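**Q** Please read through the structure below; I'll follow up with questions.
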Amino acid sequence: MEARVKAGLWASMALRMGDLAGRPGAVLRKGDPDSGGILCVLRGREGLVVLSQTRDAAGRPAWMRGSGPAPVDDAAADAYVARQVKRDPDLWVLEFEAPDLLPPFEAVLI
Numbered sequence: 002m003e004a005r006v007k008a009g010l011w012a013s014m015a016l017r018m019g020d021l022a023g024r025p026g027a028v029l030r031k032g033d034p035d036s037g038g039i040l041c042v043l044r045g046r047e048g049l050v051v052l053s054q055t056r057d058a059a060g061r062p063a064w065m066r067g068s069g070p071a072p073v074d075d076a077a078a079d080a081y082v083a084r085q086v087k088r089d090p091d092l093w094v095l096e097f098e099a100p101d102l103l104p105p106f107e108a109v110l111i
């Protein structure tokens, strides 16, 4: 069984890493501090991408572009986040400035 980091702690770590990398972030929505899932909104030059936590084929933590392969506008990103929060009210939502649409933390994108 794999140990899990509490969501609140992970969010704090990601925000700190973003600050250190010159990619400031903010908590848009606080979820369950222990077991909530996390969505990351990346705000870039070409639009926004919403990353959603998932697992790869081997069961390791990974991220997928929940908003689709291409950048979207604010309305589309907001709509995606609202749908996900409606399904899971424990979700955290973080937003980062990411000109290249890459997360400021180590992430496997699938």
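With my numbering, the residue at position 46 of the sequence shown is 47, and numbering never jumps. Virtual Cβ for every residue (Gly too), placed ideally from N, Cα, C. Small disclaimer: the values here were computed from a predicted structure and weren't measured.
#1: Could you have a look at residue 30 and say whether DSSP puts it in helix, strand or coil?
#2: Under 8 Å, do residue 32 and residue 15 count as touching if we go by C-beta distance?
#3: Give the straight-line distance between the Cα atoms of residue 13 and residue 28, rounded to the nearest whole angstrom.
#4: Mapping DSSP to helix, strand and coil, what is residue 22?
#5: So, at 6 Å on beta carbons, what are the nonlocal neighbours of residue 110 in its own chain, with the 5 sequence-adjacent residues on each side left out?
#6: With respect to the alpha helix (DSSP H) encompassing residue 82, which residues constitute its N-terminal and C-terminal limits?
#7: To which residues of the same chain is residue 34 closer than 7 Å at the C-beta, ignoring the five residues directly before and after it?
#8: Taking all protein chains shown into account, decide if residue 24 is buried (16 or more other Cβ within 10 angstroms of its Cβ) or exposed.
**A** This is what the structure gives:
#1: Here residue 30 is taken as the residue at index 29 of the sequence shown, counted from 1. Three-state DSSP puts residue 30 in a strand.
#2: Position 31 of the sequence shown, counting from 1, holds the residue named residue 32. Position 14 of the sequence shown, counting from 1, holds the residue named residue 15. No, these two residues do not count as a Cβ contact at 8 Å.
#3: Counting from 1 along the sequence shown, the entry for residue 13 is found at position 12. Counting from 1 along the sequence shown, the entry for residue 28 is found at position 27. Take the alpha-carbon of residue 13 and the one of residue 28: they are about 9 Å apart.
#4: Against the sequence shown, residue 22 aligns to sequence position 21. Reduced to three states, the DSSP call for residue 22 is coil.
#5: If you number the sequence shown from 1, residue 110 lands on position 109. Closer than 6 Å at the Cβ level, and outside the excluded window around residue 110, lie 64.
#6: As a working note, residue 82 is residue 81 in the sequence shown. It spans 75-88 - the alpha helix (DSSP H) in which residue 82 sits, taken as one unbroken run.
#7: Stepping through the sequence shown from its first residue, residue 34 is reached at position 33. Take residue 34, set aside five residues on each side of it, and the residues of its chain with a beta-carbon closer than 7 Å to its own are 7, 8, 9, in chain order.
#8: Taking the sequence shown and counting its residues from 1, one reaches residue 24 at position 23. Buried, because 16 or more other Cβ atoms sit within 10 Å of the Cβ of residue 24.
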